[in-house]
Amino acid sequence: MIKFIIGITFLLISYFVYGFYISTYDISVIPQKLKRDTPTAYFDYRGVINVHSDISIGSSSPQQIATAAKQAGIDFVILTDLNTFKENVHNDSYSQNVLFLNGGKYSYLDSRLIFYSPVKDVVGKNLGEAQIRFADMLTQREGGNKDSLTILAHPYHLGFTWNGDLPPGLDGLEVINVKSLSVQAWQASKASVIWSFLIYPFNPEFALARLFLEPSEEISLFDKTSLHQKIYGFAGAEASARAIPLANYLIRFPSYQRNFEIATNHVLLSSELTGNLNSDRQKIFTALKKGQFYLAFDALGEPKGFVATIEDRGRSYLMGSQVKLGKGMSLNVHIPGPPKNFFEIVIYKNGERFKTFNDPEVSMLITEPGVYRVQVRIAVSMPLPDANRWISWIYANPFYITP
Numbered sequence: 226m227i228k229f230i231i232g233i234t235f236l237l238i239s240y241f242v243y244g245f246y247i248s249t250y251d252i253s254v255i256p257q258k259l260k261r262d263t264p265t266a267y268f269d270y271r272g273v274i275n276v277h278s279d280i281s282i283g284s285s286s287p288q289q290i291a292t293a294a295k296q297a298g299i300d301f302v303i304l305t306d307l308n309t310f311k312e313n314v315h316n317d318s319y320s321q322n323v324l325f326l327n328g329g330k331y332s333y334l335d336s337r338l339i340f341y342s343p344v345k346d347v348v349g350k351n352l353g354e355a356q357i358r359f360a361d362m363l364t365q366r367e368g369g370n371k372d373s374l375t376i377l378a379h380p381y382h383l384g385f386t387w388n389g390d391l392p393p394g395l396d397g398l399e400v401i402n403v404k405s406l407s408v409q410a411w412q413a414s415k416a417s418v419i420w421s422f423l424i425y426p427f428n429p430e431f432a433l434a435r436l437f438l439e440p441s442e443e444i445s446l447f448d449k450t451s452l453h454q455k456i457y458g459f460a461g462a463e464a465s466a467r468a469i470p471l472a473n474y475l476i477r478f479p480s481y482q483r484n485f486e487i488a489t490n491h492v493l494l495s496s497e498l499t500g501n502l503n504s505d506r507q508k509i510f511t512a513l514k515k516g517q518f519y520l521a522f523d524a525l526g527e528p529k530g531f532v533a534t535i536e537d538r539g540r541s542y543l544m545g546s547q548v549k550l551g552k553g554m555s556l557n558v559h560i561p562g563p564p565k566n567f568f569e570i571v572i573y574k575n576g577e578r579f580k581t582f583n584d585p586e587v588s589m590l591i592t593e594p595g596v597y598r599v600q601v602r603i604a605v606s607m608p609l610p611d612a613n614r615w616i617s618w619i620y621a622n623p624f625y626i627t628p
């Protein structure tokens, strides 16, 4: 009995000593005090989609979610309560200085679709009507659904796998889905996930970041689809704070705030948000509809200051743009930094790795048509027992260069 008590005591002491060691570890790859100047006249706004409140499967009210979003530094949220058909369950509004947009998440075939319309276009009064409406919308060619945004959620999440090619009426897909990544991490190594759960109280950012896996299947689908239709990648929070059963009575894990701090969508605007609901809503919607944003694992460090543009004869085009090939055209990339760790800026062309750079400023001539996108990868140093590894920090939406 005494040996057992001594053994337990030793384990507890070791656990808390290691916890203290972990608590001092800063996973950020960017110096916190670095002044981040975006070299062009764009304003960077951070937002999350795929967020559930207690109206459906979430654990908190929209008001509580707004507080969490403000604490996480989020500028806009698209609420996507599951299969809700009542009109104006919660209206678009500003809450806690966070722009709240009321969308929805709906069952469709064996998958789930995220839907948002700034003009409050509804998908139906019930799930049957929604199926018919989505079937019609997804057959529309580019520009057919100009007043709405439709995104395929977690295309390879367990039980919701999309089969076949993506329909032309789809605006985008979740390249990153936080819940899907956690499930993949569990499948890859249950011990690693349990270890993250144990060290979470000491360093939540590191505990979650160490589980990052490259969304290889989603990226492959994204690149394959972008070869024949314009489509954009999104980061989905899949936030409900219900990873632990009985969340209402025990602990909301991971909390909305922690979830919002992991991965977000960074919209680049040419003019600031002013606090006017109508104009700000339209700015955010238009930027998302046009793909003028990038995805970032914010847990690795503040990415604001990143920008990728096509420069052509004095004109500048943001991510998501379709541009006719011109003489002297260049793809310019700027990252905040340089990062503390080894890094690489990778240019992909038609889904294949094309060029790699190790400078925070890149200017690459474009001499051929194709689909070009930018990915920034960081060699993240991790404390024992983890090994150092490369993690993608930023995924930019593609440029479509036509002949």
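Quick note: the sequence shown uses this note's numbering, first residue 226, plus one each step. Glycine included, each C-beta is placed from N, C-alpha and C at the ideal position. Everything numeric in this text was worked out from a predicted model, so none of it was measured.
>> Could you pull the DSSP bridge partners for residue 402 from this structure?
In response: Here residue 402 refers to the residue found at position 177 when the sequence shown is read from its first residue. DSSP lists 461 as partners of residue 402.
>> Within the continuous beta strand (DSSP E) that includes residue 524, where are the two ends?
In response: Sequence index remark: in the sequence shown, residue 524 carries index 299 (1-based). Unbroken run through residue 524: none, as it is neither H nor E.
>> What does the alpha-carbon distance come out to for the pair residue 429 and residue 365?
In response: Along the sequence shown, one-based indexing puts residue 429 at 204. Along the sequence shown, one-based indexing puts residue 365 at 140. One C-alpha to the other measures close to 43 Å.
>> Using C-beta distances below 8 Å, list every residue in its chain close to residue 370, excluding the 5 sequence neighbours before and after it, in chain order.
In response: The residue given as residue 370 occupies position 145 in the sequence shown. 362, 394, 396, listed in sequence order.
> Hey, which unbroken runs of the beta strand (DSSP E) at 3 residues or more fall wholly within the stretch 493-522?
Replying inline: 518-521
> Just curious, the alpha helix (DSSP H) that residue 332 is in, first and last residue?
Replying inline: For this step, residue 332 is matched to residue 107 along the sequence shown. Run containing residue 332: none in the alpha helix (DSSP H); it sits in the beta strand (DSSP E), 329-333.
>> Helix, strand or coil for residue 556? Go by DSSP, reduced to three states.
In response: One-based indexing of the sequence shown puts residue 556 at position 331. Residue 556 falls in the strand class under three-state DSSP.
>> For residue 306, report the span of its beta strand (DSSP E) as first-last.
In response: In the sequence shown, counting from the first residue as 1, residue 306 sits at position 81. Run containing residue 306: none; DSSP gives neither H nor E here.
> Taking one C-beta from the stretch 433-447 and one from the stretch 519-530 each time, how about it: are there three or more such pairs within less than 8 Å?
Replying inline: yes
>> I'd like the span of the beta strand (DSSP E) that includes residue 362, first residue to last.
In response: For the purposes of this step, residue 362 is identified with residue 137 of the sequence shown, where counting begins at 1. Counting along the chain, residue 362 falls outside any beta strand (DSSP E), though it belongs to the alpha helix (DSSP H) covering 352-362.
>> DSSP three-state label for residue 276, please.
In response: Your numbering for residue 276 matches position 51 in the sequence shown. Reduced to three states, the DSSP call for residue 276 is strand.
>> Here's a check: name, in chain order, each residue in its chain whose Cβ is nearer than 8 Å to the Cβ of residue 323, leaving out the five neighbours to either side.
In response: For the purposes of this step, residue 323 is identified with residue 98 of the sequence shown, where counting begins at 1. Answer for residue 323: 291, 294, 295, 299, 300, 301, 302, listed in chain order.
> Where does residue 411 fall in DSSP's three states?
Replying inline: As a working mapping, residue 411 is identified with position 186 in the sequence shown. If DSSP states are grouped into helix, strand and coil, residue 411 belongs with the helices.
> Secondary structure at residue 596, three-state DSSP: helix, strand or coil?
Replying inline: Position 371 of the sequence shown, counting from 1, holds the residue named residue 596. In the structure shown, residue 596 sits in a strand (DSSP, three-state: E or B).
> If residue 510 sits next to residue 519, beta carbons under 8 Å apart, how far is it from one beta carbon to the other, in whole angstroms?
Replying inline: Here the question's residue 510 lines up with position 285 in the sequence shown. Here the question's residue 519 lines up with position 294 in the sequence shown. Not a contact, Cβ separation roughly 17 Å.
>> Taking the beta strand (DSSP E) that residue 288 belongs to, which residues open and close that run?
In response: In the sequence shown, the residue the question calls residue 288 occupies position 63. Premise fails: residue 288 lies in the alpha helix (DSSP H), 287-296, not in any beta strand (DSSP E).
>> For residue 464 and residue 277, which I take to be in contact (beta-carbon distance under 8 Å), what is that distance rounded to the nearest angstrom?
In response: Working through the sequence shown from its first residue, we reach residue 464 at position 239. Working through the sequence shown from its first residue, we reach residue 277 at position 52. Right, their Cβ atoms sit about 7 Å apart.
>> Counting C-beta neighbours from all protein chains within 10 Å, is the total for residue 508 16 or more, i.e. buried, or is it exposed?
In response: Here the question's residue 508 lines up with position 283 in the sequence shown. Residue 508 comes out buried.
>> Below 8 Å on the Cβ atoms is my contact criterion, and I expect residue 533 with residue 490 to pass it. Report the Cβ-Cβ distance as a whole number of Å.
In response: Position 308 of the sequence shown holds residue 533. Position 265 of the sequence shown holds residue 490. Contact flag wrong, Cβ pair sits at about 15 Å.
> Out of curiosity, what's the CA-to-CA distance linking residue 384 and residue 618?
Replying inline: As a first step, residue 384 is located in the sequence shown; it is residue number 159 there, counting from the start. As a first step, residue 618 is located in the sequence shown; it is residue number 393 there, counting from the start. Taking the straight line joining both Cα atoms gives about 28 Å.
> So who's on the other strand from residue 269, going by DSSP bridges?
Replying inline: Taking the sequence shown and counting its residues from 1, one reaches residue 269 at position 44. DSSP lists 493 as partners of residue 269.
>> Assess contact between the stretch 565-584 and the stretch 534-545, defined as three or more Cβ pairs (one per stretch) separated by less than 8 Å. Is contact present?
In response: no
> DSSP puts residue 532 in a beta bridge; with which residues?
Replying inline: Mapped onto the sequence shown, residue 532 falls at position 307. DSSP, once it has assigned bridges, lists 559 as partnering residue 532.
> In or out: residue 486 buried (at least 16 other Cβ within 10 Å) or exposed?
Replying inline: Counting from one through the sequence shown, the residue named residue 486 turns up at place 261. So residue 486 counts as buried.
> Straight-line CA distance for residue 627 to residue 550?
Replying inline: Here the question's residue 627 lines up with position 402 in the sequence shown. Here the question's residue 550 lines up with position 325 in the sequence shown. Spanning the two alpha carbons is a distance of roughly 6 Å.
> How big is the Cα-Cα spacing for residue 622 and residue 457?
Replying inline: Here residue 622 is taken as the residue at index 397 of the sequence shown, counted from 1. Here residue 457 is taken as the residue at index 232 of the sequence shown, counted from 1. Taking the straight line joining both Cα atoms gives about 6 Å.
>> Contact defined as beta carbons within less than 8 Å: I believe residue 570 pairs with residue 556. What is the distance between those atoms, to the nearest angstrom?
In response: Within the sequence shown, the letter at position 345 stands for residue 570. Within the sequence shown, the letter at position 331 stands for residue 556. No, residue 570 and residue 556 are not in contact; Cβ-Cβ is about 10 Å, not under 8 Å.
> In terms of residue numbering, what span does the beta strand (DSSP E) encompassing residue 627 cover?
Replying inline: Mapped onto the sequence shown, residue 627 falls at position 402. Unbroken beta strand (DSSP E) run through residue 627: 624-627.
> Looking at C-beta atoms only, is the number of pairs between the stretch 490-499 and the stretch 267-281 that lie closer than 8 Å three or more?
Replying inline: yes
> Since residue 621 is in the alpha helix (DSSP H), which residue starts that stretch and which ends it?
Replying inline: Here residue 621 refers to the residue found at position 396 of the sequence shown. Per DSSP, residue 621 belongs to no alpha helix (DSSP H); it is in the beta strand (DSSP E), 614-621.
> Can the beta-carbon of residue 488 be found closer than 8 Å to that of residue 403?
Replying inline: Sequence index remark: in the sequence shown, residue 488 carries index 263 (1-based). Sequence index remark: in the sequence shown, residue 403 carries index 178 (1-based). Their beta carbons are under 8 Å apart, which means residue 488 touches residue 403 by this criterion.
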